[in-house]
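The sequence shown runs 1337 to 1400 under our numbering.
Backbone N, C-alpha and C fix where the C-beta goes; we use that ideal spot for every residue, glycine too.
All values derive from a computational prediction rather than experimental measurement.
So the structure is just underneath, and the comments pick up after that.
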Amino acid sequence: MRKIAYIIMFLMTVLPFLVLAYIIQLRLFILIPALWITYLFFRGVEIKEHDRTITFSMEEPKHE
């Protein structure tokens, strides 16, 4: 179930960029923002095994 949730979230965040890149013919230039948004999004995603819920939280890094 966890893998399916990750695949769905990945497709929902990256697929629109890939479709627009194919239409506009800017494949190389559009992949960088898609990967950056995906990286930022998946840093805050937690999938809990028992609750079957997906939570998203952005925390500021602690500077020591």
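- When secondary structure is reduced to three states using DSSP, M1345 falls in the helix class.
- Cβ contact annotation for I1373 (same chain, cutoff 7 Å, sequence separation greater than five): T1349, in chain order.
- Rounded to whole angstroms, I1340 and P1352 show a C-alpha spacing of 19 Å.
- In this structure, the alpha-carbon of M1337 lies about 10 Å from that of I1343.
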